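J.: These protein sequence lines are chains A and B, in that order.
Sequential numbering from 1 applies to the first sequence in our numbering.
Sequential numbering from 1001 applies to the second sequence in our numbering.
Even for Gly, the Cβ is constructed at its ideal location relative to N, Cα and C.
All values derive from a computational prediction rather than experimental measurement.
Supplied in structure tokens, the structure appears directly below.
2 protein chains.
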Amino acid sequence: MDANPPGALAALIDALRALPGVGPKSAARMAYHLLQRDRAGAEKLGATLGHALSSLRHCKRCNNFSESDICPTCANPRREQKLLAVVEMPVDLNMLESTQSYNGLYFVLMGRLSPLDGIGPREISMDKLLGRALDGVVEEVVLATNFTPEGEATAHMLGERLREKGLKVTRLARGVPLGGELEYVDPGTIAQAFRERRQV
Amino acid sequence: MDANPPGALAALIDALRALPGVGPKSAARMAYHLLQRDRAGAEKLGATLGHALSSLRHCKRCNNFSESDICPTCANPRREQKLLAVVEMPVDLNMLESTQSYNGLYFVLMGRLSPLDGIGPREISMDKLLGRALDGVVEEVVLATNFTPEGEATAHMLGERLREKGLKVTRLARGVPLGGELEYVDPGTIAQAFRERRQV
Chain A
1 MDANPPGALA ALIDALRALP GVGPKSAARM AYHLLQRDRA GAEKLGATLG HALSSLRHCK
61 RCNNFSESDI CPTCANPRRE QKLLAVVEMP VDLNMLESTQ SYNGLYFVLM GRLSPLDGIG
121 PREISMDKLL GRALDGVVEE VVLATNFTPE GEATAHMLGE RLREKGLKVT RLARGVPLGG
181 ELEYVDPGTI AQAFRERRQV
Chain B
1001 MDANPPGALA ALIDALRALP GVGPKSAARM AYHLLQRDRA GAEKLGATLG HALSSLRHCK
1061 RCNNFSESDI CPTCANPRRE QKLLAVVEMP VDLNMLESTQ SYNGLYFVLM GRLSPLDGIG
1121 PREISMDKLL GRALDGVVEE VVLATNFTPE GEATAHMLGE RLREKGLKVT RLARGVPLGG
1181 ELEYVDPGTI AQAFRERRQV
């Protein structure tokens, strides 16, 4: 066989597989696309990768990606310093911000407990969270991890650790979503909404 | 809102969207993964991108990616010089090679006709193919584009242009695949297999 891809191409295809969800066929398709149809995009990708790797660090307070030691959100004195919401990923933080209904601070775990993937308490920066939550100013920690099995397990474990330190720990409410029709909501959600029904 | 992603992160997410099939949500997920869980992979990706962009060119004969002016396949004197198979992409060439049933040469279009995506005869290097096929040595051109509507249209157009230059033009056979059960093969394929039935 003399049809193996040239070395530089094979190396690029292999490197693209570092992207989550990208297998050998997608990686080959991506490499051909970049080299054949979008060399400018490929150059931009290479440059921004290098810049991101060298300039981004984790905010010392909230653990989110930041270009400074303390990110703008944590440095904002107008935010409620007593409230700390714990989220899995930066996208979750952005989603909470977009609701304009929360003015406290954040801690970003950058993941969720997932023992099968080798992601334990250390990988989600639990010690950094405990240090942050026990700064003497925070009074309430709002667990805002996802309502998936892994997100729930993460919230459960963090809740135990934070409560034993004497902090007030809350969790986002579960229930029927706005606009939800009971016919199309899953039974588990409805059962939960029944148990947590509120007087009106 | 002071929760916008820092500039270097936003630029990386934007650049990742150059990859085919990657929208804003996947791009964000990829960026977080690279920065948080696989910085070594990110550095390798940046380096291989740069190396591929600077070292890969198109083989002057077959148009495939190559690190030399003439790729090893085209430079191989043991290959049948009278036969030229036309494929859409390098992966198709690799697939044909893996069958070990073809010993001629290749031409890689690096695409297929797709007017809606702005891919016409010029983008698939038709002039380069005509020059290659009319070198006086090639006697038969085997059209091995995919059997999709776009691949068929590409084969049809190329076949017309090559035949009018006096070349013998063939197309890979269509029919029931090996191991195919008629019950599960689509009716169009069976109709084709009927029309092109062979005496045994």
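Closer than 7 Å by beta-carbon distance: list the chain B residues that pair up with residue 7 (chain A), in chain order.
T.: Under the 7 Å cutoff, chain B gives 1067.
J.: Count the other C-beta atoms from every protein chain shown that fall within 10 angstroms of the C-beta of residue 1 (chain A), then say buried if there are 16 or more, exposed otherwise.
T.: Caution applies to residue 1 (chain A), whose pLDDT of 43 falls short of 50 and renders its modelled position unreliable; the value that the coordinates give is listed next. Exposed is the call here.
J.: Any heavy atom of the ligand FAD within a distance shorter than 7 Å of the CB on residue 92 (chain A)?
T.: Looking for the ligand FAD in the displayed structure turns up nothing, as the structure carries no ligands at all.
J.: Counting Cβ pairs, one atom from each stretch, are 3 or more of them under 8 Å apart for the segment 103–118 of chain A and the segment 146–164 of chain A?
T.: The answer is yes - the segment 146–164 of chain A touches the segment 103–118 of chain A, with three or more Cβ pairs under 8 Å.
J.: With DSSP as the reference, label residue 114 (chain A) as helix, strand or coil.
T.: Here residue 114 (chain A) sits in strand by DSSP.
J.: Between the C-alpha atoms of residue 1093 (chain B) and residue 1065 (chain B), what's the straight-line distance to the nearest angstrom?
T.: Looking at the two C-alpha atoms, the distance is approximately 12 Å.
J.: Taking CB distances under 8 Å as the criterion, tell me whether residue 20 (chain A) reaches chain B.
T.: It does; some Cβ of chain B falls within 8 Å.
J.: With H, G and I counted as helix, E and B as strand and the rest as coil, what does DSSP make of residue 1002 (chain B)?
T.: Here the model assigns residue 1002 (chain B) a pLDDT of 48, short of 50, so the residue's position is not dependable and the matter cannot be decided.
J.: Report the option in A:44, A:73 and A:188 whose CA atom is closest to the CA atom of residue 147 (chain A).
T.: Per the Cα distances, A:188.
J.: Contact check, residue 196 (chain A) vs residue 175 (chain A) under 8 Å by CB: the rounded distance?
T.: Yes, they are in contact, since the Cβ atoms of residue 196 (chain A) and residue 175 (chain A) sit about 6 Å apart, within 8 Å.
J.: Cα separation between residue 125 (chain A) and residue 131 (chain A)?
T.: C-alpha separation (whole angstroms): 10 Å.
J.: Across the segment 1004–1011 of chain B and the segment 15–26 of chain A, are there enough close Cβ pairs to call them in contact, namely three or more that are closer than 8 Å?
T.: The segment 1004–1011 of chain B is not in contact with the segment 15–26 of chain A.
J.: What are the residues of the segment 1033–1056 of chain B that lie near chain A, defined by any Cβ-Cβ distance shorter than 9 Å?
T.: Per Cβ criterion, the list reads 1033, 1034, 1035, 1036, 1037, 1038, 1039, 1040, 1041, 1042, 1043, 1044, 1045, 1046, 1047, 1048, 1049, 1050, 1051, 1052, 1053, 1054, 1055 and 1056.
J.: Between the segment 42–49 of chain A and the segment 79–95 of chain A, do at least 3 Cβ pairs fall closer than 8 Å?
T.: No, the segment 42–49 of chain A is not in contact with the segment 79–95 of chain A.
J.: For my contact list, residue 1138 (chain B) and residue 1084 (chain B) are in at a C-beta cut-off of 8 Å; report their separation, rounded to the angstrom.
T.: That belief holds up - the Cβ atoms of residue 1138 (chain B) and residue 1084 (chain B) are roughly 5 Å apart, short of 8 Å.
J.: Scan the segment 68–138 of chain A and note each continuous alpha helix (DSSP H) run of 4 residues or more that stays entirely inside, going in chain order.
T.: Listed in chain order, they are 72–75, 90–98 and 126–133.
J.: Roughly how many angstroms lie between the CA atoms of residue 1142 (chain B) and residue 1086 (chain B), to the nearest whole one?
T.: Distance between the alpha carbons of residue 1142 (chain B) and residue 1086 (chain B): 6 Å.
J.: Rounded to whole angstroms, how far is the Cβ of residue 79 (chain A) from the Cβ of residue 103 (chain A), which I believe are closer than 8 Å?
T.: Indeed they touch by this definition, with Cβ atoms about 6 Å apart.
J.: Between B:1105, B:1052, B:1077 and B:1182, which lies nearest to residue 1067 (chain B) when the distance is taken from Cα to Cα?
T.: Among B:1105, B:1052, B:1077 and B:1182, the Cα nearest to that of residue 1067 (chain B) is on B:1052.
J.: Output needed in chain order: residues of the segment 145–178 of chain A with a Cβ under 9 Å from some Cβ in chain B.
T.: Taking 9 Å as the Cβ-Cβ cut-off against chain B, none of the residues of the segment 145–178 of chain A qualify.
J.: Any beta carbon of chain B sitting closer than 8 Å to that of residue 77 (chain A)?
T.: Cβ-Cβ to chain B under 8 Å: no for residue 77 (chain A).
J.: Any C-beta of chain B sitting closer than 8 Å to the C-beta of residue 30 (chain A)?
T.: Judged by the 8 Å Cβ criterion, residue 30 (chain A) is in contact with chain B.
J.: With residue 114 (chain A) and residue 88 (chain A) assumed to form a contact (beta carbons below 8 Å), what rounded beta-carbon distance in angstroms separates them?
T.: Not quite, the Cβ-Cβ distance comes to about 11 Å (not below 8 Å), so this is no contact.
J.: Can you tell me whether residue 145 (chain A) is buried or exposed? The criterion is at least 16 other CB atoms within 10 Å of its CB, across all chains shown.
T.: Residue 145 (chain A) is buried by the Cβ-count criterion.
J.: Among B:1198, B:1061 and B:1057, which one has its Cα closest to the Cα of residue 1128 (chain B)?
T.: The candidate whose alpha carbon is nearest that of residue 1128 (chain B) is B:1061.
J.: My output table needs one value for residue 57 (chain A): the three-state DSSP class, helix, strand or coil.
T.: In the structure shown, residue 57 (chain A) sits in a strand (DSSP, three-state: E or B).
J.: Between the Cα of residue 1071 (chain B) and the Cα atoms of B:1082, B:1031 and B:1059, which residue gives the shortest distance?
T.: Of the listed residues, the one whose Cα sits closest to residue 1071 (chain B) is B:1059.
J.: Report buried or exposed for residue 1184 (chain B), applying the criterion of at least 16 other Cβ atoms within 10 angstroms of its Cβ.
T.: So residue 1184 (chain B) ends up on the exposed side.
J.: To the nearest whole angstrom, what separates the beta carbons of residue 1034 (chain B) and residue 1042 (chain B), a pair I think is in contact under 8 Å?
T.: Yes, residue 1034 (chain B) and residue 1042 (chain B) are in contact; Cβ-Cβ is about 4 Å, under 8 Å.
J.: Let me confirm a value: residue 182 (chain A) is counted as buried when at least 16 other C-beta atoms fall within 10 Å, else exposed. Which label applies?
T.: Per the 10 Å Cβ criterion, exposed.
J.: When you compare the CB of residue 1089 (chain B) with every CB in chain A, is at least one pair closer than 8 Å?
T.: It does: the Cβ of residue 1089 (chain B) has a partner Cβ on chain A nearer than 8 Å.
J.: Under three-state DSSP, which class holds residue 44 (chain A)?
T.: Helix, per DSSP.
J.: Three-state secondary structure (DSSP) at residue 1148 (chain B)?
T.: Correct three-state label for residue 1148 (chain B): coil.
J.: Apart from the five residues just before and just after residue 1191 (chain B), which ones in its own chain have a Cβ nearer than 7 Å to its Cβ?
T.: So the list is empty, once near-sequence residues are dropped.
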